[in-house]
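Notes follow once the structure below has been shown.
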Amino acid sequence: MKIFRQISAIVALTMIVMISGCNLLAFPIYAFNADKTKKVLPEYSGLQGKKICIWVWADESLMFDYPAIRLDIANHAKYFIQQHIQCDIIDPALVDKFRKSQYQADLLTPVEIGKHFKADVVLFIEVSDFSTHMPDTPELLQGRLSTHCVLYDCTGNLPVTSPQRKLWSGNIDVVYPENRPMSVAQTNVLAIRSITLKLFGEKLAKKFYEHREPIAKD
Numbered sequence: 007m008k009i010f011r012q013i014s015a016i017v018a019l020t021m022i023v024m025i026s027g028c029n030l031l032a033f034p035i036y037a038f039n040a041d042k043t044k045k046v047l048p049e050y051s052g053l054q055g056k057k058i059c060i061w062v063w064a065d066e067s068l069m070f071d072y073p074a075i076r077l078d079i080a081n082h083a084k085y086f087i088q089q090h091i092q093c094d095i096i097d098p099a100l101v102d103k104f105r106k107s108q109y110q111a112d113l114l115t116p117v118e119i120g121k122h123f124k125a126d127v128v129l130f131i132e133v134s135d136f137s138t139h140m141p142d143t144p145e146l147l148q149g150r151l152s153t154h155c156v157l158y159d160c161t162g163n164l165p166v167t168s169p170q171r172k173l174w175s176g177n178i179d180v181v182y183p184e185n186r187p188m189s190v191a192q193t194n195v196l197a198i199r200s201i202t203l204k205l206f207g208e209k210l211a212k213k214f215y216e217h218r219e220p221i222a223k224d
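One rule links them: number in the working numbering = place in the sequence shown (from 1) + 6.
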């Protein structure tokens with residue numbers, strides 16, 4: 007009789023689990039695999055359908071060490087923004103050609119540049135620092151890119167220097183590898199440069215579309 011009662015109890019428990027849709031059994035698995043990310047809203051969400059000109063500024067000393075850095079940054083920004091937003095971004099090569107053909111192009115305001123290209127907005131990227139190795143130790147590689155970015159409205163009749171034309175601004179800084187540099191035996195300058203620019207493009211683009219990010223651990 008005792009054995010019969012034990013069997014009956016097991017059968018009853020099995021039926022309860024089946025009726026509940028196996029939720030009781032699934033709960034520990036669900037809890038373990040729960041989404042550990044959070045939704046992040048865009049800081050500016052108005053790029054959809056816009057014509058965009060990307061203008062990158064870097065001083066001459068930086069251009070001497072890295073002659074292609076302006077074009078590289080613009081190309082990475084264009085690629086990663088268009089991965090997530092339907093918009094028309096002017097070919098950075100055309101923008102670079104205009105800069106080289108106009109001796110005083112860097113003296114133009116971002117809005118004047120945008121109006122030249124008939125753009126709706128200009129994404130102005132000011133580069134304050136870029137390097138692929140540690141100072142005075144070329145055998146230690148670590149990518150660093152520091153920028154201040156501003157989005158300007160180029161439409162309408164407001165003065166080109168009007169503060170009301172500023173739609174968004176923010177600093178985009180990247181360090182790779184983040185914790186410590188790598189030796190030339192572990193990697194090379196091209197890899198460090200490529201990944202640093204990729205991380206920059208991804209980080210910049212996320213300012214303009216909704217996405218998810220890992221929840222920081224306490």
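Don't be surprised by glycine CBs; every beta carbon is placed ideally from N, CA and C.
No experiment lies behind these values; they were computed from the predicted model shown.
Three-way DSSP call (helix, strand, coil) for Gly55 in this model: coil
Start-to-end residues for the beta strand (DSSP E) that takes in Asn177: Lys172 to Tyr182
Integer-rounded CB distance, given that Ile75 should sit under 8 Å from Phe130: About 15 Å separates the two Cβ atoms, so there is no contact after all.
Bounding residues of the alpha helix (DSSP H) (the contiguous stretch that carries Val195): Val195 to Ala211
Sufficient close CB pairs (3 or more, under 8 Å) joining the region 110 to 122 to the region 143 to 151: no
Residue closest to Trp174, alpha-carbon to alpha-carbon, out of Asn185, Arg218 and Asp159: Asp159
Beta carbon of Ile58 nearer than 7 Å to that of Val127: yes
Own chain, CB closer than 7 Å to Leu205, minus 5 neighbours either side, in chain order: Val180 and Tyr182
Lys213 versus Pro48 - alpha carbon distance: 5 Å
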